[in-house]
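Enquirer: Here the protein sequences line up with chains E, F, L and B, keeping their order.
Under this note's numbering, the first residue of the first sequence is numbered 1, with each subsequent residue one higher.
Under this note's numbering, the first residue of the second sequence is numbered 1, with each subsequent residue one higher.
Under this note's numbering, the first residue of the third sequence is numbered 1, with each subsequent residue one higher.
Under this note's numbering, the first residue of the fourth sequence is numbered 1, with each subsequent residue one higher.
The structure that follows is given in the form of structure tokens.
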Amino acid sequence: MKSRLVYMDHGATTPVRKEVFDAMIPFFQEQYGNPSSLHTPGRKVRQAVEEAREKTARALGAGAEDIYFTAGGTESNNIALRGAAKERAKPGHIITSSVEHHAVLDVCQDLEREGHWVTYLPVDQDGLVDPETVKEAITGDTFIISIMAANNEIGTLQPIREIGSVARDCGILFHTDAVQVVGQLPVDVNDLNVDFLSLAAHKFNGPKGIGALYMKKGVKVDPLYRGGSQERKLRPGTENVPGVIGLGRAVELAVSEIPGKQKKLEYLRDRLIEGLIGIGDVVLNGHPQKRLPGNVNVSFKYIEGESVLLSLDMEGIAASSGSACSSGSLEPSHVLSAIGLDHPTAHGSVRFSLGFGNSEEDIDYVLEKAPPIVERLRSMSPTYHAR
Amino acid sequence: MKSRLVYMDHGATTPVRKEVFDAMIPFFQEQYGNPSSLHTPGRKVRQAVEEAREKTARALGAGAEDIYFTAGGTESNNIALRGAAKERAKPGHIITSSVEHHAVLDVCQDLEREGHWVTYLPVDQDGLVDPETVKEAITGDTFIISIMAANNEIGTLQPIREIGSVARDCGILFHTDAVQVVGQLPVDVNDLNVDFLSLAAHKFNGPKGIGALYMKKGVKVDPLYRGGSQERKLRPGTENVPGVIGLGRAVELAVSEIPGKQKKLEYLRDRLIEGLIGIGDVVLNGHPQKRLPGNVNVSFKYIEGESVLLSLDMEGIAASSGSACSSGSLEPSHVLSAIGLDHPTAHGSVRFSLGFGNSEEDIDYVLEKAPPIVERLRSMSPTYHAR
Amino acid sequence: MYNDKVMEHFNNPRNVGEIPDADGVGETGSFKCGDTMKLYIKVKNDRIEDIKFQTFGCGAAIASSSMLTEMVKGKTVEEAAQVTNQDVADELGGLPPMKLHCSNLAADALQNAIADYKDHKIKQQSL
Amino acid sequence: MYNDKVMEHFNNPRNVGEIPDADGVGETGSFKCGDTMKLYIKVKNDRIEDIKFQTFGCGAAIASSSMLTEMVKGKTVEEAAQVTNQDVADELGGLPPMKLHCSNLAADALQNAIADYKDHKIKQQSL
Ligand SMILES: Cc1ncc(COP(=O)(O)O)c(C=O)c1O
Ligand SMILES: Cc1ncc(COP(=O)(O)O)c(C=O)c1O
Chain E
1 MKSRLVYMDH
11 GATTPVRKEV
21 FDAMIPFFQE
31 QYGNPSSLHT
41 PGRKVRQAVE
51 EAREKTARAL
61 GAGAEDIYFT
71 AGGTESNNIA
81 LRGAAKERAK
91 PGHIITSSVE
101 HHAVLDVCQD
111 LEREGHWVTY
121 LPVDQDGLVD
131 PETVKEAITG
141 DTFIISIMAA
151 NNEIGTLQPI
161 REIGSVARDC
171 GILFHTDAVQ
181 VVGQLPVDVN
191 DLNVDFLSLA
201 AHKFNGPKGI
211 GALYMKKGVK
221 VDPLYRGGSQ
231 ERKLRPGTEN
241 VPGVIGLGRA
251 VELAVSEIPG
261 KQKKLEYLRD
271 RLIEGLIGIG
281 DVVLNGHPQK
291 RLPGNVNVSF
301 KYIEGESVLL
311 SLDMEGIAAS
321 SGSACSSGSL
331 EPSHVLSAIG
341 LDHPTAHGSV
351 RFSLGFGNSE
361 EDIDYVLEKA
371 PPIVERLRSM
381 SPTYHAR
Chain F
1 MKSRLVYMDH
11 GATTPVRKEV
21 FDAMIPFFQE
31 QYGNPSSLHT
41 PGRKVRQAVE
51 EAREKTARAL
61 GAGAEDIYFT
71 AGGTESNNIA
81 LRGAAKERAK
91 PGHIITSSVE
101 HHAVLDVCQD
111 LEREGHWVTY
121 LPVDQDGLVD
131 PETVKEAITG
141 DTFIISIMAA
151 NNEIGTLQPI
161 REIGSVARDC
171 GILFHTDAVQ
181 VVGQLPVDVN
191 DLNVDFLSLA
201 AHKFNGPKGI
211 GALYMKKGVK
221 VDPLYRGGSQ
231 ERKLRPGTEN
241 VPGVIGLGRA
251 VELAVSEIPG
261 KQKKLEYLRD
271 RLIEGLIGIG
281 DVVLNGHPQK
291 RLPGNVNVSF
301 KYIEGESVLL
311 SLDMEGIAAS
321 SGSACSSGSL
331 EPSHVLSAIG
341 LDHPTAHGSV
351 RFSLGFGNSE
361 EDIDYVLEKA
371 PPIVERLRSM
381 SPTYHAR
Chain L
1 MYNDKVMEHF
11 NNPRNVGEIP
21 DADGVGETGS
31 FKCGDTMKLY
41 IKVKNDRIED
51 IKFQTFGCGA
61 AIASSSMLTE
71 MVKGKTVEEA
81 AQVTNQDVAD
91 ELGGLPPMKL
101 HCSNLAADAL
111 QNAIADYKDH
121 KIKQQSL
Chain B
1 MYNDKVMEHF
11 NNPRNVGEIP
21 DADGVGETGS
31 FKCGDTMKLY
41 IKVKNDRIED
51 IKFQTFGCGA
61 AIASSSMLTE
71 MVKGKTVEEA
81 AQVTNQDVAD
91 ELGGLPPMKL
101 HCSNLAADAL
111 QNAIADYKDH
121 KIKQQSL
């Protein structure tokens with residue numbers, strides 16, 4: 001393999017930062033007590049866990065008692081949505097969007113099987129949900145609205161604050177999957193009017209296998225799992241202590257650095273978009289401005305995403321694709337379909353998601369390697385020759 | 001605090017072993033790719049995850065495709081029981097015991113709320129379930145039996161193989177919560193006739209926040225969480241990669257060392273039991289022979305467990321108790337009640353759970369420190385003076 | 001879990017024991033958590049001259065018993081009767097919420113001991 | 001995911017391109033995954049003298065097209081018609097299960113090209 005690695009798949013996951021790993025180290029072999037234990041080794045660990053909870057809360061403008069640690073973004077989403085549904089005596093109505101992550105969409109589909117009914121709101125060609133459509137979809141039976149803060153594929157930022165006001169005015173619970181946003185852009189749960197917010201540490205240079213759910217004081221859900229009384233019974237089981245510590249440190253660092261990082265990533269992002277579009281027959285997916293600082297999603301016309309990915313990979317560039325062939329499913333991404341891309345264009349999509357370690361040289365490198373790859377693949381393509 | 005620490009709470013959790021932590025290290029900052037990613041950094045990690053799955057399978061005599069990684073013992077239990085219930089079209093009957101961990105008992109209680117009905121089998125004074133009572137409890141509606149392999153409080157080992165045969169003969173699913181047994185005693189899923197088996201890495205010197213569920217080929221459950229296709233959709237969400245690697249290494253090591261470790265722990269255990277009983281008015285809880293190699297659970301009559309724990313803690317000895325006051329609930333442990341202990345005796349229970357690092361000197365130290373503690377507390381006790 | 005003051009009282013409880021010729025004895029127990037407490041008072045000129053306790057209880061129970069005896073020793077019986085469970089917990093610098101009920105035993109036992117003392121006095125007077 | 005042989009064919013695909021004066025052209029597409037494939041054959045003395053392909057497809061599609069063209073070049077039309085999708089996958093040393101359908105395009109396109117060639121021949125003979 002090439003020794004050079006230009007990692008541009010931060011939307012999938014990120015490396016743990018040195019400061020974060022250093023904070024975690026003592027909790028494997030030294031401070032290993034169970035935070036539920038009464039003895040000193042346990043109590044010390046309890047204290048560290050609660051400090052991490054406070055850090056997490058502070059990063060979101062929340063109270064520590066509103067933060068529940070989970071095993072990741074998927075679990076946070078499931079607890080919020082399914083828990084809210086389970087809390088109800090009878091089936092009800094859910095509003096979500098057609099571009100949510102599967103960890104929301106598939107929960108909704110499962111809840112439909114159980115008798116609930118769901119409105120999957122459409123989005124415009126940039127991937128935006130219109131808050132007016134949320135308002136219109138509300139019925140007397142609507143009990144929860146779930147709209148993601150930013151889309152993981154095309155990076156589009158949703159008008160969460162506006163949707164939050166609609167939900168609040170109607171007295172309906174509002175959940176936002178902020179897995180892609182926390183640590184990238186400022187988030188304040190009160191400002192956003194959310195009742196639930198999901199996050200995952202591994203998206204902002206924290207460890208995998210740990211996440212959190214913000215749940216507003218007074219909101220009640222029926223827990224999915226039963227067992228011990230950890231996380232006030234919302235998420236029982238011995239705490240993933242090193243994970244919790246890592247999450248606390250990672251969120252604290254990431255949020256404190258947003259101002260500088262956001263500007264840097266936006267600059268690199270826009271340079272990369274411009275350079276890729278310069279190849280010709282390349283279109284940007286997602287909103288040109290309202291998008292995650294590190295997200296670049298383009299469709300290379302006439303060629304297929306997996307082939308592009310494999311070719312990039314051979315040059316040491318790690319990216320991802322919404323093509324069916326790369327996902328293991330046979331359909332192209334539901335997000336690309338929802339913004340109206342035709343099949344071939346959707347199949348040619350590639351996502352470069354920038355993060356912490358990326359530099360100007362990385363952009364140069366990609367812009368040097370991508371054109372010949374595209375050219376080579378196009379030279380093989382029947383649709384390119386027939387265009 | 002005392003600098004000496006004699007950790008005898010391995011039943012609650014254990015330190016991560018050096019070999020295990022060393023195996024995990026590369027997966028935080030270097031091999032951080034998402035195993036679902038198509039690129040080289042992702043594919044390398046996928047391979048490591050699958051190797052860990054094979055190690056876990058080998059340790060249980062299972063096939064790799066029957067191992068599903070979870071976030072811990074609680075999640076494994078919940079997925080098995082609730083998943084099996086969710087898979088059914090209509091409510092049915094569950095058989096379990098009255099001494100299960102809350103991560104089984106409380107799931108059963110929640111399923112009762114949803115219309116299922118549950119038989120909580122009694123145990124004898126040593127904590128044993130009689131396989132005959134399992135057979136008698138079976139009805140045409142029984143769809144799952146869940147009996148733990150060893151009790152976490154009193155250490156009693158259940159006749160899992162026999163109960164497994166009963167279940168198999170009747171064509172009923174059988175789950176065993178083996179969280180306390182894996183890594184301590186040999187386990188072979190085929191020999192035990194189980195369809196599901198739960199384990200948690202942090203009980204055998206692996207990391208917290210990771211566990212596994214063995215689910216026999218052909219068995220179907222309806223997943224609780226929805227999202228990505230990780231763990232064949234049984235447990236979606238980005239894999240806790242360092243956790244998985246740690247689990248694989250820990251289970252491999254622990255299982256390979258059972259022969260020597262078991263003998264050593266049994267020897268230390270029996271010395272400790274003997275010494276504590278020698279104090280006088282101290283009774284052993286749980287089965288004298290059929291018990292976990294490292295489990296010592298005694299009741300100090302006339303005094304209360306939390307006070308004993310706090311006093312031991314001040315001498316640097318970490319133990320745990322089934323007393324109400326130490327658990328946060330107001331009831332004494334349901335396990336101690338189930339074996340017929342009266343309230344005061346249950347309140348005086350203390351568990352010393354031995355593990356990897358414990359030595360003969362640790363036993364000597366406890367046997368030196370415990371008697372004066374017991375004497376001091378008894379001197380304050382009205383029931384001791386009135387005996 | 002417990003603060004230093006609580007641990008100090010747990011470690012060095014004041015006034016542990018019994019008073020064989022007590023003027024009042026109060027007993028109380030929590031059916032819930034199983035703790036039991038016995039309190040003895042010696043009264044002179046309507047003042048609590050001596051007080052001792054015995055307890056089968058957890059850290060909170062032992063510390064709050066010890067604290068209570070210190071708080072009321074030397075007080076008049078009427079003053080002592082005013083001391084509440086909350087006062088004891090406050091004097092200890094706070095207790096974990098789930099431990100408050102354990103600490104309630106102490107002041108309850110004192111109430112019983114005072115009642116017992118008054119009972120005796122009335123009986124003696126009516127002799 | 002893909003083995004070395006697959007990646008080698010992906011990287012250096014044999015027989016890419018078109019044959020302007022082909023004797024048979026086969027096209028096929030997967031409605032499911034969106035891949036498209038076009039195959040050209042030049043036949044002489046009933047043997048496939050030249051073969052070229054174009055594809056809009058993933059790694060598996062490109063590699064299996066390349067492999068197929070190598071496998072059938074020089075074979076008689078009848079021999080070539082016997083080559084199955086499975087043969088191509090086997091010759092590549094295996095493909096990930098979820099990628100098998102992508103590789104199916106190659107042999108399917110060949111069948112179509114052969115049918116097209118035969119069609120032409122019949123038409124020419126019947127002229
Ligand atoms: C028997 C048993 N089952 C389940 C669990 C729960 O495991 P975890 O805390 O890892 O979720 C434990 C440990 O706490 C246990 O001892
Ligand atoms: C928007 C969004 N939601 C949820 C998830 C799921 O998070 P995790 O894989 O940590 O469970 C992800 C990441 O995969 C995501 O991007």
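All C-beta atoms, glycine included, are put in the ideal place defined by N, C-alpha and C.
What you are looking at is a predicted structure, and each value in this text was computed from that prediction instead of being measured.
How many Å lie between H120 (chain L) and S103 (chain L) at the Cα?
Expert: Here residue 120 (chain L) refers to the residue found at position 120 of the third sequence. Here residue 103 (chain L) refers to the residue found at position 103 of the third sequence. If you take the alpha carbons of H120 (chain L) and S103 (chain L), they lie about 27 Å apart.
Enquirer: Along the chain, where does the beta strand (DSSP E) containing L354 (chain E) start, and where does it finish?
Expert: Here residue 354 (chain E) corresponds to residue number 354 of the first sequence, with the count starting at 1. Note, L354 (chain E): premise wrong, no beta strand (DSSP E); not H, not E.
Enquirer: Can you give me the C-alpha to C-alpha distance between D9 (chain F) and T84 (chain L), rounded to a whole angstrom?
Expert: Here residue 9 (chain F) is taken as the residue at index 9 of the second sequence, counted from 1. Here residue 84 (chain L) is taken as the residue at index 84 of the third sequence, counted from 1. Straight-line measurement puts the Cα of T84 (chain L) at about 37 Å from the Cα of D9 (chain F).
Enquirer: Nearer than 7 Å: is that true of the beta carbon of V179 (chain F) relative to any heavy atom of ligand 1?
Expert: Within the second sequence, residue 179 (chain F) is the residue found at index 179, counting from 1. Yes, the Cβ of V179 (chain F) comes within 7 Å of a heavy atom of ligand 1.
Enquirer: In the DSSP output, what is E27 (chain L) paired with across the bridge?
Expert: Reading the third sequence from its first residue, position 27 is the one you call residue 27 (chain L). In DSSP, E27 (chain L) forms a bridge with L:K38.
Enquirer: So does R101 (chain E) have its beta carbon nearer than 7 Å to some heavy atom of ligand 2?
Expert: Here residue 101 (chain E) refers to the residue found at position 101 when the first sequence is read from its first residue. Sequence inspection shows His at residue 101 (chain E); the Arg mentioned does not correspond to that position. Because some heavy atom of ligand 2 lies under 7 Å away, the Cβ of H101 (chain E) counts as near it: yes.
Enquirer: Tell me, which residues are paired with G115 (chain F) by DSSP?
Expert: Translated into positions along the second sequence, residue 115 (chain F) becomes position 115. Beta-bridge pairing links G115 (chain F) to no other residue.
Enquirer: Can M71 (chain B) be considered in contact with ligand 2, in the sense that its beta carbon sits closer than 7 Å to one or more heavy atoms?
Expert: Taking the fourth sequence and counting its residues from 1, the one referred to as residue 71 (chain B) is at position 71. No.
Enquirer: How about the segment 363-371 of chain F and the segment 58-74 of chain L: do they share at least three Cβ pairs that are nearer than 8 Å?
Expert: no
Enquirer: Can you find a C-beta in chain L that's less than 8 Å from the C-beta of T383 (chain F)?
Expert: Residue 383 (chain F) sits at position 383 when you count from the first residue of the second sequence. So, interface residue.
Enquirer: Just curious, the beta strand (DSSP E) that M215 (chain F) is in, first and last residue?
Expert: For this step, residue 215 (chain F) is matched to residue 215 along the second sequence. Its beta strand (DSSP E) spans residues 211-215.
Enquirer: Could you give the DSSP three-state label for R291 (chain E): helix, strand or coil?
Expert: Taking the first residue of the first sequence as 1, we reach residue 291 (chain E) at position 291. Three-state DSSP puts R291 (chain E) in a strand.
Enquirer: Go through its chain and collect everything with a Cβ distance to E100 (chain E)'s Cβ below 6 Å, but skip five positions before and after it.
Expert: Residue mapping note: residue 100 (chain E) aligns to position 100 of the first sequence, counting from 1. Same-chain partners within the cutoff: M148.
Enquirer: Which term fits Y267 (chain F), buried or exposed, when burial requires 16 or more other beta carbons within 10 angstroms of its beta carbon?
Expert: On the second sequence, position 267 is the one that residue 267 (chain F) refers to. Label assigned to Y267 (chain F): exposed.
Enquirer: Assuming contact is defined by CB atoms lying nearer than 8 Å, are D106 (chain E) and K217 (chain E) in contact in what I supplied?
Expert: Numbered from 1 along the first sequence, position 106 holds the residue referred to as residue 106 (chain E). Numbered from 1 along the first sequence, position 217 holds the residue referred to as residue 217 (chain E). Not in contact: D106 (chain E) and K217 (chain E) (Cβ atoms no closer than 8 Å).
Enquirer: List the DSSP bridge partners of Y365 (chain E).
Expert: The residue labelled residue 365 (chain E) in the question sits at position 365 within the first sequence. Y365 (chain E) pairs with nothing; no bridge assigned.
Enquirer: Going by the C-beta, is G73 (chain E) closer than 7 Å to any heavy atom of ligand 2?
Expert: As a first step, residue 73 (chain E) must be located in the first sequence, where it is residue number 73. At least one heavy atom of ligand 2 is nearer than 7 Å to the Cβ of G73 (chain E), so yes.
Enquirer: Between E:R291, E:F300, E:K44, which has its C-alpha nearest H278 (chain E)'s C-alpha?
Expert: Taking the first sequence and counting its residues from 1, one reaches residue 278 (chain E) at position 278. Position check: residue 278 (chain E) holds Gly in this sequence, whereas His was assumed. Per the Cα distances, E:F300.
Enquirer: Taking Cβ positions, are A212 (chain E) and S76 (chain E) nearer each other than 8 Å?
Expert: Translated into positions along the first sequence, residue 212 (chain E) becomes position 212. Translated into positions along the first sequence, residue 76 (chain E) becomes position 76. Judged by their CB atoms, A212 (chain E) and S76 (chain E) are nearer to each other than the 8 Å cut-off.
Enquirer: Counting contacts by CB-CB distance shorter than 8 Å, is K5 (chain B) in contact with chain E?
Expert: Translated into the one-based positions of the fourth sequence, residue 5 (chain B) becomes position 5. No - not a single Cβ of chain E is within 8 Å of the one on K5 (chain B).
Enquirer: Given the structure, does N152 (chain F) come close to ligand 1, in the sense that its CB is under 7 Å from one of the ligand's heavy atoms?
Expert: Counted from its first residue, the second sequence places residue 152 (chain F) at position 152. At least one heavy atom of ligand 1 is nearer than 7 Å to the Cβ of N152 (chain F), so yes.
Enquirer: If the cut-off is 7 Å on Cβ atoms, which residues from the segment 55-72 of chain F count as contacting chain E, listed in chain order?
Expert: Result list: A71, G72.
Enquirer: Could you give the DSSP three-state label for N11 (chain B): helix, strand or coil?
Expert: Within the fourth sequence, numbered from 1, the residue matching residue 11 (chain B) stands at position 11. Helix, per DSSP.
Enquirer: Is DSSP giving S126 (chain B) helix, strand or coil here?
Expert: Looking up residue 126 (chain B) in the fourth sequence gives position 126. In the three-state scheme derived from DSSP, where H, G and I count as helix and E and B as strand, S126 (chain B) is classed as helix.
Enquirer: Determine contact between the segment 198-211 of chain E and the segment 172-185 of chain E, defined as no fewer than three beta-carbon pairs at a distance below 8 Å.
Expert: yes
Enquirer: Taking 7 Å as the cut-off, is the CB of M8 (chain F) close to at least one heavy atom of ligand 1?
Expert: Residue numbering aside, residue 8 (chain F) sits at position 8 when the second sequence is read from its first letter. Outside the cutoff, so no.
Enquirer: Look at the alpha carbon of N285 (chain E) and the alpha carbon of E91 (chain B), and state the distance between them as a whole number of angstroms.
Expert: For this step, residue 285 (chain E) is matched to residue 285 along the first sequence. For this step, residue 91 (chain B) is matched to residue 91 along the fourth sequence. Spanning the two alpha carbons is a distance of roughly 38 Å.
Enquirer: By the criterion of Cβ-Cβ separation under 7 Å, what are the contact partners of E304 (chain F) in chain L?
Expert: Counting from 1 along the second sequence, the entry for residue 304 (chain F) is found at position 304. Per Cβ cutoff of 7 Å: D35, F56, G57, C58.
Enquirer: List the residues of chain F that K18 (chain E) touches, going by C-beta distances under 8 Å, in chain order.
Expert: One-based indexing of the first sequence puts residue 18 (chain E) at position 18. Neighbours of K18 (chain E) on chain F, chain order: Q29.
Enquirer: Would you call I210 (chain E) buried or exposed, if buried means 16 or more other Cβ atoms sit within 10 Å of its Cβ?
Expert: Position 210 of the first sequence holds residue 210 (chain E). The residue is buried, with at least 16 neighbouring Cβ atoms inside 10 Å.
Enquirer: To the nearest angstrom, how far is it from the Cα of N393 (chain E) to the Cα of S321 (chain F)?
Expert: Residue 393 (chain E) falls outside the range modelled here, since chain E spans only 1 to 387, and no answer is possible.
Enquirer: Shortest alpha-carbon distance to I160 (chain F) belongs to which of F:I144, F:E114, F:N193?
Expert: Walking along the second sequence from the start, residue 160 (chain F) turns up at place 160. Closest by alpha carbon: F:N193.
Enquirer: Give me the chain A residues within the contact set of L310 (chain E), using Cβ-Cβ distance strictly less than 7 Å, ordered along the chain.
Expert: The structure shown contains no chain A; its protein chains are E, F, L and B.
Enquirer: Per DSSP, which residues does N297 (chain F) bridge with? Please list them.
Expert: Here residue 297 (chain F) corresponds to residue number 297 of the second sequence, with the count starting at 1. In the DSSP output, where bridge partners are listed per residue, N297 (chain F) has F:R351.
Enquirer: Counting Cβ pairs closer than 8 Å, one from the segment 41-60 of chain L and one from the segment 16-24 of chain L, do we hit at least three?
Expert: Under the 8 Å Cβ criterion, the segment 41-60 of chain L counts as touching the segment 16-24 of chain L, having at least three qualifying pairs.
Enquirer: State the DSSP-derived secondary structure class of T40 (chain E), mapped to helix, strand or coil.
Expert: The residue given as residue 40 (chain E) occupies position 40 in the first sequence. Residue state, collapsed to three classes: helix.
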